[in-house]
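A short write-up of the structure that comes next.
In the numbering used here, the protein residues as written are 31 to 171.
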């Protein structure tokens, strides 16, 4: 994974945001953390304490890059899912490419997801989706 920063001070920042996602009549509040890279570990992105770099029999998800500047945080992720059978219906393999941009001064989070194949293309729809959420601007610890 690549972690680029505009200055060495930004590269060592531990960022925490509290974000709110609303869809129809449902609202979810969650914690979004970015942990800087260390000598032994790459930078991490966590949602409610869950590492977004995950791999199991249901698929593989990886944070590809994190760019932190004075004004913006940019995160790129890829997820790949194997073929699956759900309720007697066979779905092919699928992928989701996600680019998340956070404006550090306003806390506005913008997520662009591109879905290709798999069960998600049937349930959510194939193609690119854009979501906006509001976060409390990041605080330094």
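The beta-carbon is built from N, C-alpha and C at its ideal position, and this holds for glycine as well.
None of the values given here were measured: they were computed from a predicted structure.
Exclusion of the five residues before and after residue 143 leaves 126, 128, 159 as the residues of its chain whose Cβ lies within less than 6 Å of its Cβ. Boundaries of the beta strand (DSSP E) around residue 61: 56-65. Here DSSP, grouped into helix, strand and coil, assigns residue 82 to coil.
Inclusion of residue 51 and residue 163 in the CB contact set at 8 Å is warranted, their separation being smaller than that value. Rounded to whole angstroms, the gap between the alpha carbons of residue 94 and residue 107 is 5 Å. In the three-state reduction of the DSSP assignment, residue 125 falls in the strand class, which pools E and B. Linking residue 121 to residue 66 through their CA atoms gives a straight-line distance of about 37 Å. The Cβ neighbour count for residue 44, taken over all protein chains shown within 10 Å, is under 16; the residue is labelled exposed. The alpha carbon of residue 63 has as its nearest neighbour, out of 132, 123, 100, 116, the alpha carbon of 132. Per DSSP, residue 72 lies in no beta strand (DSSP E) and is assigned neither H nor E.
Under the criterion of beta carbons closer than 8 Å, residue 56 and residue 78 do not qualify as touching, at roughly 16 Å.
Taken through DSSP and simplified to helix, strand or coil, residue 144 comes out as strand. Here residue 93 carries a strand assignment [DSSP, helix/strand/coil].
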